[in-house]
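A short worksheet on the structure shown next.
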Amino acid sequence: MQPPSSLVLLAQAGSLLFTAVSATWSAFWYMPIALLSAVLRTLLPGCDGRCDGSAVFYEGTVMHSRKQPKEHKFSYQVRMAVVDLDNAPSWWKRTPADNLSAGEARRLAGTSGPVRLLTHPPAAGYSMNPISVYYCYSADGSKVERCIAEVTNTPWGERVAFCFRPGGEAVPKALHVSPLMDMKATWQLRATEPGERLFLSVGCSHPEHGDYFLATFDARPSSQPHMPNETASLRTLWRYGFQPQRVAVWIYWHAVLLLAKGVPFFSPPTSEYKAAAAAAARHPTTADGRSFVWRGAQKWPWTWS
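Residue 114 in the UniProt record's numbering sits at position 114 of the sequence shown; the count goes up by one each step and never skips.
Encoded structure:
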């Protein structure tokens, strides 16, 4: 694979700048609506018709810990939604469809019951989800039989989806998620069924660095569990409003900190790593026999490869 030309690199830098400006501008213009909705809900806290329990928001802590080649650790508070994809709330139905449907998730996992999705809902038209998790239940809805991880890298927008056992599963790394990590790792994923507590962990095992990276999300249901961050209350708007934009800032800021510490930069590979990952199918395959399902970058200049 040839490295990108100077023109492509310039276009990518311009694309990043445009995305940052447009996402900030959209949030700025949406803020009066969010403030009005939050004030009304604070003064009149009764549920309206959209508060139907088909989405439950969880508040908790995301923690990242890296041991090699440089130590780096941080945490931040988030409020994420678990959406019933078979009976999604009205506010979810108005969002752009950039996720699997319940039927697609069932076909991928080989299950026949309800499907719930852990994700950051879009805010002011902007979406940022490094990882979303689909909980695929048994036919009677009594237990989670399979989980699907949907991992997206930024800023490229490439995506991979794969199944894993909720109790824990080792999965060959299948996507160049961060340019500050190489492709030699194995992911270790574990997810608990959403209930009074929700826990998700993703670790990385490396042939040279060992168990060098761990990311976790530990959360409990929000005190106002059925409304989006921008409209639930003034407190929620202040702490969690426009969360996709905040997540993007955290990602790029900590990338800068890691580069400043001397962590090496790895350019993204393309078809080679997909072929290698598919050949190393050491985890449960999807219902149609595939180990990973990829979606390439959607827009130029990120499609340069």
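We put the CB at the ideal spot given by N, CA and C, even for glycine.
Cβ distance (whole Å) where residue 200 is taken to contact residue 186 below 8 Å: In the sequence shown, the residue the question calls residue 200 occupies position 200. In the sequence shown, the residue the question calls residue 186 occupies position 186. The pair is not a contact, with the Cβ atoms about 17 Å apart (cut-off 8 Å).
Which of helix, strand or coil does DSSP assign to residue 31? Indexing the sequence shown from 1 puts residue 31 at position 31. Three-state result, residue 31: helix.
Can you confirm whether the stretch 83-95 touches the stretch 54-66 when touching is taken to mean that 3 or more C-beta pairs between the two stretches lie within less than 8 Å? yes
Can at least three beta-carbon pairs, one atom from the stretch 90-104 and one from the stretch 114-128, be found at a separation below 8 Å? Yes, the stretch 90-104 touches the stretch 114-128.
Specify the secondary structure class of residue 120 as computed by DSSP and reduced to three states. Along the sequence shown, read from residue 1 onward, the residue named residue 120 stands at position 120. Looking at residue 120 - three-state DSSP - the assignment turns out to be coil, as it is neither helix nor strand.
Just to confirm the assignment: which complete beta strand (DSSP E) runs, minimum length 3, are found wholly within the stretch 110-190? Secondary structure within the stretch 110-190: the beta strand (DSSP E) runs of 3 or more consecutive residues, fully enclosed, are 115-119, 131-137, 144-152, 159-164, 169-172 (chain order).
At the level of alpha carbons, what is the spacing between residue 87 and residue 300? Taking the first residue of the sequence shown as 1, we reach residue 87 at position 87. Taking the first residue of the sequence shown as 1, we reach residue 300 at position 300. Their Cα atoms are separated by approximately 35 Å.
Does residue 197 come out as helix, strand or coil in the three-state DSSP assignment? To locate residue 197, count along the sequence shown from 1; it is residue 197. The answer is coil: DSSP assigns residue 197 none of H, G, I, E or B.
Which full runs of the alpha helix (DSSP H) of 4+ residues lie inside the stretch 195-265, going along the chain? 234-240, 243-260
Alpha carbon of residue 213 to alpha carbon of residue 241, nearest angstrom: Position 213 of the sequence shown, counting from 1, holds the residue named residue 213. Position 241 of the sequence shown, counting from 1, holds the residue named residue 241. Between residue 213 and residue 241, the C-alpha separation is close to 28 Å.
Looking at residue 151 and residue 131, is the spacing between their C-beta atoms short of 8 Å? Stepping through the sequence shown from its first residue, residue 131 is reached at position 131. Stepping through the sequence shown from its first residue, residue 151 is reached at position 151. Their beta carbons are under 8 Å apart, which means residue 131 touches residue 151 by this criterion.
Going by beta carbon distance, what residues of the same chain come within less than 7 Å of residue 243, once the five residues before and after it are set aside? In the sequence shown, counting from the first residue as 1, residue 243 sits at position 243. Here the set comprises 78, 79, 120, 123, 229.
For residue 49, which residues from the same chain have a beta carbon less than 7 Å from its beta carbon, with the 5 sequence-adjacent residues on both sides left out? To locate residue 49, count along the sequence shown from 1; it is residue 49. Confidence in residue 49 is poor, its pLDDT being 43 and thus under 50, which makes the residue's placement too unreliable to answer from.
So, at 6 Å on beta carbons, what are the nonlocal neighbours of residue 18 in its own chain, with the 5 sequence-adjacent residues on each side left out? Indexing the sequence shown from 1 puts residue 18 at position 18. Within the same chain, residue 18 has no close Cβ partners at all.
Put residue 42 into one of helix, strand or coil per three-state DSSP. As a working mapping, residue 42 is identified with position 42 in the sequence shown. Collapsing the DSSP output to three states places residue 42 in a helix.
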